[in-house]
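These notes are about the structure you will find just below.
Chains as they are written, first to last, in our numbering: chain A, 6 to 367; chain B, 6 to 367.
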């Protein structure tokens, strides 16, 4: 529990807070354009057809070639099923992350929902401005403001109470641009990829900078990933007896930040062996991909590159959310697969009506 | 990272250290007797026969009745497979823990192995006394001495280097009384129980106060439990590039103590849902059993009671290792299953030649 570690925690939290604040205040000016297309169909899980929403491009072929190598018992690159560990970032890799991290939307909604129990918030920043709808003033307090919002919305209740709050929110809250449930804004090609890997004996894990207890209530239903295979940032909890019943209370203290250098640490802590495949979309995933790539035997690393301003959003090197800069260079230098969403994905979201190819749209 | 938490960590480490020190210095005087029987047969994994090494007593019947209830789709108590989470303590519940925790034997062996690289240890306590074979003087320094031994042996190398060291140790080190490999000193009835639960759709986890990175290298081979289902105490690690290769370095800092109140916290952190069955042997497991029991629907809690001074060891309320006192009272009050090793287990260790019943030995 040394000072270095505390500084690291503070530094990472600060990064998260600043990224969010910049995105809010800057109006995402670095995006090449905003989301457009939509339709009324409901989300569906992936079907058995192999990667049906992927165009038959090198990205798709690199995936199927890798899976063929490691699952063929006659191949020198055969990997026994217990070692077929695949790790996925969440924000921007499995579901969208614009115009800001969905968990921050959740936190803002929670401030509004909790306001009646906190009359003092009417006079107290950052809550007062937030409740007036003035995000810019609310976040003028920088890191401290952000920490107050996260603390007020993510601690002070039991883990079971928080689980219920999250379930209620994902069942009703709508994305400001698409009007869809947040859990509908998942990438259809990635759902198919998760299923395809599992059908081939892989165990799929989420390794996200997002909150572990924010993702677990819906990850199994939406991604087919059970809670014990979700790794994320977390707060500390405390075992307590309440009326003779044991509960875990969420404390206003950071336990672990699962981002950047934290991702390999979280993987080692939770999984205890090195993945053979890793999927991300930002520089925050780079260390996870490096760690995965450095193991012996066959390895697969993939970056999702947000290039589709029409069907989703287009952003990379200059974005305040999901910045992909160093990672893009390293992927190119090392021959990792880079998915060009516009070119490689036939469909982005499950609710899209057509199966029009991004390539055809050009 | 507040002071309370640091105190908790220190307190728990102190408990662990003191337990170990007392056991060493006191010569385990609270045991009713030492280990005796043995044979030359090699360890075997559990076979398909249902709990063959369990006598047909109420303990065994309580297990099979519970499994029948939760796996019958027609039963109102049916539990879907993803929720069939079973958690097991390790020391004293899956393998033996006398005359002291096997991990402490490992630490002492490591001090001897590392001594040539540390000439200064000849003059420096606790190492100087330890190297002379004088355990009592070595541990006279109390908590500080214990922390120095753990730090010197469990940090300062990469996670992969530590993994290799543990694998080498379990492949060669012998128990001082039985002369068996430590991984042979596992309980045959518990191996059968693990297999039986898995055959019935349970996911089995270890939740131990022992080191997570000490157990993972052999838990899959010995128990059929993969690294990602092993939860334990841990030190912090740091991501680092060494000659362009990413590694995780084990730091001399506590990350988490997975004991007592820590067990439900560790379960929530790693699994993210409440187990429906929990198996322990000491007061250190009590909160895990309470947490498991407090969920809705059918629940199963079991304590292994060390009652067999001939085939294993007999100890409970007064023992410095694996003390079972409050837990025994609570088990009796709440109707949890208590396994009387002498009466309920036909065989204790896989290497025992006969299948003589403990009851017959009385």
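Ideal Cβ placement from N, Cα and C applies to all residues, glycine included.
Just the chain B side, please: which residues come within less than 7 Å of residue i by C-beta, in chain order?
i: residue 159 of chain A; result: Within 7 Å Cβ-Cβ: nothing; residue 159 of chain A doesn't reach chain B, min ~14 Å.
i: residue 164 of chain A; result: 273
i: residue 278 of chain A; result: 232
Kindly give me the distance between the Cβ atoms of residue i and residue j, rounded to whole angstroms, as I take these residues to be in contact under 8 Å.
i: residue 190 of chain A; j: residue 101 of chain A; result: 5 Å
i: residue 341 of chain A; j: residue 294 of chain A; result: 7 Å
i: residue 276 of chain A; j: residue 93 of chain A; result: With a Cβ gap of about 13 Å, residue 276 of chain A and residue 93 of chain A do not count as contacting.
i: residue 317 of chain B; j: residue 325 of chain B; result: About 17 Å; that fails the 8 Å criterion.
i: residue 353 of chain A; j: residue 307 of chain A; result: Not a contact, Cβ separation roughly 16 Å.
i: residue 255 of chain B; j: residue 240 of chain B; result: 6 Å
i: residue 330 of chain B; j: residue 339 of chain B; result: The pair is not a contact, with the Cβ atoms about 15 Å apart (cut-off 8 Å).
i: residue 131 of chain B; j: residue 150 of chain B; result: 4 Å
i: residue 91 of chain A; j: residue 261 of chain A; result: Actually they are not in contact, since the Cβ atoms of residue 91 of chain A and residue 261 of chain A sit about 21 Å apart, beyond 8 Å.
i: residue 251 of chain A; j: residue 299 of chain B; result: 5 Å
Just mark residue i as buried or exposed, buried being the case when its beta carbon has 16 or more other beta carbons within 10 Å.
i: residue 83 of chain A; result: exposed
i: residue 85 of chain A; result: exposed
i: residue 290 of chain A; result: buried
i: residue 221 of chain A; result: buried
i: residue 228 of chain B; result: buried
i: residue 22 of chain B; result: In this predicted model, residue 22 of chain B has a pLDDT of only 45, less than 50, meaning its place in the structure is not dependable; the value taken from the coordinates is given anyway. Under this definition residue 22 of chain B is a buried residue.
i: residue 292 of chain B; result: buried
i: residue 214 of chain A; result: buried
i: residue 79 of chain A; result: exposed
i: residue 123 of chain A; result: exposed
i: residue 274 of chain B; result: buried
i: residue 238 of chain B; result: buried
i: residue 234 of chain B; result: buried
i: residue 218 of chain A; result: buried
i: residue 242 of chain A; result: buried
i: residue 105 of chain B; result: buried
i: residue 139 of chain B; result: exposed
i: residue 195 of chain A; result: buried
i: residue 304 of chain A; result: buried
Please decide whether residue i counts as near chain B, where near means a Cβ-Cβ distance under 9 Å.
i: residue 253 of chain A; result: yes
i: residue 233 of chain A; result: yes
i: residue 302 of chain A; result: no
i: residue 218 of chain A; result: yes
i: residue 225 of chain A; result: yes
i: residue 36 of chain A; result: At residue 36 of chain A the pLDDT is 40, less than 50, meaning the model places this residue with poor confidence; the figure from the coordinates comes in the next sentence. Answer no: the Cβ-Cβ gap between residue 36 of chain A and chain B never drops below 9 Å.
i: residue 221 of chain A; result: yes
i: residue 331 of chain A; result: no
For residue i, go through chain A and note every residue whose CB falls closer than 7 Å to its CB, in chain order.
i: residue 244 of chain B; result: 266, 269, 270, 292
i: residue 250 of chain B; result: 299
Taking only beta-carbon atoms, is residue i less than 9 Å away from chain A?
i: residue 295 of chain B; result: yes
i: residue 90 of chain B; result: yes
i: residue 260 of chain B; result: yes
i: residue 179 of chain B; result: no
i: residue 208 of chain B; result: yes
i: residue 349 of chain B; result: no
i: residue 50 of chain B; result: Confidence at residue 50 of chain B is low in this model, with a pLDDT of 41, below 50, so the placement of that residue should be treated as unreliable; the coordinate-derived value is given next. By this cut-off, residue 50 of chain B is not an interface position.
Residue i touches chain B at which residues, Cβ-Cβ below 9 Å?
i: residue 239 of chain A; result: 274
Give me whichever residues DSSP pairs with residue i in a beta bridge.
i: residue 246 of chain B; result: B/251
i: residue 90 of chain B; result: B/208
i: residue 191 of chain B; result: B/100
i: residue 308 of chain B; result: B/285, B/343
i: residue 272 of chain A; result: DSSP output for residue 272 of chain A lists no bridge partner at all.
i: residue 1 of chain A; result: In the structure displayed, chain A extends from 6 to 367; residue 1 of chain A sits before or after that span and is not available.
i: residue 261 of chain A; result: A/239
i: residue 69 of chain A; result: Paired residues: none, contrary to the question.
i: residue 163 of chain A; result: A/254
Given that residue i touches chain A, what residues does it touch there, using C-beta distances under 8 Å?
i: residue 87 of chain B; result: 225, 231
Would you please verify whether the beta carbon of residue i is less than 9 Å from any beta carbon of chain D?
i: residue 324 of chain B; result: In the structure shown, chain D cannot be found, because the protein chains are A and B.
Please tell me whether, using a cut-off of 8 Å, the distance from the CB of residue i to the nearest non-hydrogen atom of the ligand ATP is below it.
i: residue 347 of chain A; result: The model depicted lacks the ligand ATP and carries no ligand whatsoever.
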